[in-house]
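Accompanying notes for the structure given below.
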Amino acid sequence: MYDRIKGFRDFYPEEMQARRQVTDTIETVARQYGFREIGTPALERAEMYADKSGDEILEELYAFEDKGGRKLALTPELTPTVARMVVAKQQELSKPIKWMSTRPFWRYEEPQQGRFREFYQTNVDIFGSADPAADAEILAVAADGLTELGLSSEDFDFKVSHRDILGGLLETFGDVNTTAAIRAVDKRAKIDEGQYFELLTDAGLSDSQAREFDELLTTPADSLDELVDFAGTDRVEQAVENLENVLAATEDFGVRKHCTVSLTTARGLDYYTGVVFECFDSTGEVSRAVFGGGRYDTLIEGFGGQPTPAVGFAPGHATLSLLCQRAGVWPEESVTTDYYVLQVGDTRPTAARIARDLRAGGNIVEADIAGRSFGAQLDYADSINADLVVIVGERDLENGEVTLKDMTSGDQKSVPVDAFPGESKSPTFAEF
RNA sequence: UCCGGGUUGGGGUAGUGGUAUCCUUUGGCCUUGUGGUGGCCAAGACGUGGGUUCAAUUCCCGCACCCGGACCCA
């Protein structure tokens, strides 16, 4: 026996069926908003990640050299790839560019709850619109997707923040390492108070400034103007205005109720520039953020393109699954079968014809391909959750009939073989 | 990379310094004409490498993998 690779998973049909349903639900919502599916390579040049984040990042990647001496890496995220694609066809793509895709990514990390070395994400991004409506549309797609999965505002909450508000406030304290300070904010909920303030002072804030800054972070949503008054800078004023405009748009888009302003939410990544948000389990049972997203207006430029605003989100399917299971809306993990065509004796020509007709109607249809006995076939039909069994037996065929068996009730009835399946694409037991 | 806890048929378990219990599962048969409820038969396990020992699944060490956490979350 060979071992499975650590952090990689096999999905058997029952679980895969549930995952497929969840993926389809999210993707369908994105499609309805006009997001177009793209396909992307599993491998990219390792430099693409190293140039952006430093060589240390290679430690956390599946990176290797190919036979042509190229340094490659299994893609750990989609953003650089998508940025590359946008830059490559910058001129010819009509804006806004709205793309989505679901696929695996790989990171060489230690697996833990909701984290694997191979993991699936649906990425949804908009390029080329700096309008608050774009930010709000991303929030709306995310919220609608979760709602379609059966979740409600009782189940999840988007904590919405704004990088420029954080940056702008920090700026007013003088020479502060903004990146480090924002990282500290990102960790605020996870570490104890002492460590948190230590990180803030390490970032260049004095003790009193750190207290003051932290105080500002908890400013309620309807008092954001106080932040503008405090800072007195255009940057903070514009950032607050931008956040309020985004929230106003979410109101119109019907998803404001899922959003809570929370400046203590920061996102760890440093490429975010404007609105950022994280989705949390309202009950707190799923302790980590389910997923996040935000605006990253400078990234495309950083990849050698023209300045192009961008905003997006990317739910990881592992944490999404945790949330769905917690909320009791994870789809049932089982296979389904519409019809099982059971053969008794040498009735294959008729059985095959019936199976073909039923499949032509779009149904999931199985028939015996193992030469099994009557009882064994019924047993199998049961194991694949067949709704109806069509018994095609020599005895019935002599009378020009087949027997229809409802597997839930066990009821049976004879129907003329020539009339089955008849005009109906998916004939039910009751129809005959 | 680090820390904690694990690893006994496919799944779930019992147990032991002298190779293993029970349930379930899978396949076949009873029953090519009735499954979800019977009976019979069969298949199937001590993660891996090394050490101690007459003898290791059991004790010791390393490794792998699993679960959880730290770091990180691009």
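All the letters of the first sequence, read from the start, carry residue numbers 7 to 438 under our numbering.
Beta carbons are placed, not taken as given, at the ideal position from N, Cα and C, and that holds for glycine.
Check	Outcome
Measure from the alpha carbon of Val421 to the alpha carbon of each residue in Thr271, Met413, Gly399, Thr414, then state which is nearest.	Gly399
Where does the unbroken beta strand (DSSP E) through Lys419 begin, and where does it stop?	418 to 422
Just the Cα atoms here: how many angstroms apart are Ala425 and Val35?	40 Å
Between Val347, Ser327, Val282, Glu250, which lies nearest to Glu338 when the distance is taken from Cα to Cα?	Ser327
Let's test the definition: count the other Cβ atoms within 10 Å of the Cβ of Asn405 and tell me whether it reaches 16, buried, or not, exposed.	exposed
Hey, which unbroken runs of the alpha helix (DSSP H) at 4 residues or more fall wholly within the segment 111 to 176?	138 to 154
In the DSSP output, what is Asp287 paired with across the bridge?	Phe162
Using the rule of at least 16 other Cβ atoms within 10 Å of the residue's Cβ for burial, across every protein chain shown, is Trp160 buried or exposed?	First, the residue type needs correcting, since residue 160 is Glu and not Trp in the sequence shown. By the neighbour-count rule (16 or more Cβ atoms within 10 Å), Glu160 is not buried but exposed.
Figure out for me which residue from Ile171, Leu145, Ala186 has the closest Cα to the Cα of Thr225.	Ile171
If you run the structure through DSSP and keep just helix, strand and coil, what is Leu49?	strand
Which residue from Leu364, Lys12, Asp352 puts its Cα closest to that of Tyr346?	Leu364
Taking a contact to mean a Cβ-Cβ separation below 8 Å, would you say Gly299 touches Glu124 in this structure?	no
Thinking C-alpha only, which one of Pro82, Lys101, Ala94 is nearest Arg42?	Lys101
For Thr87 and Glu50, which I take to be in contact (beta-carbon distance under 8 Å), what is that distance rounded to the nearest angstrom?	6 Å
Taking just the CA atoms, how far does Gly368 sit from Ala387?	19 Å
Name the one or two DSSP bridge partners that Ala387 has.	Per DSSP, none; premise fails for Ala387.
Taking one C-beta from the segment 259 to 276 and one from the segment 178 to 194 each time, how about it: are there three or more such pairs within less than 8 Å?	yes
If I follow the unbroken beta strand (DSSP E) through Asp344, where does it start and stop?	343 to 350
Determine the direct distance from the alpha carbon of Val396 to that of Asn129, and round the result to whole angstroms.	44 Å
Under 8 Å: do the segment 153 to 168 and the segment 276 to 289 share three or more Cβ pairs, one atom per stretch?	yes
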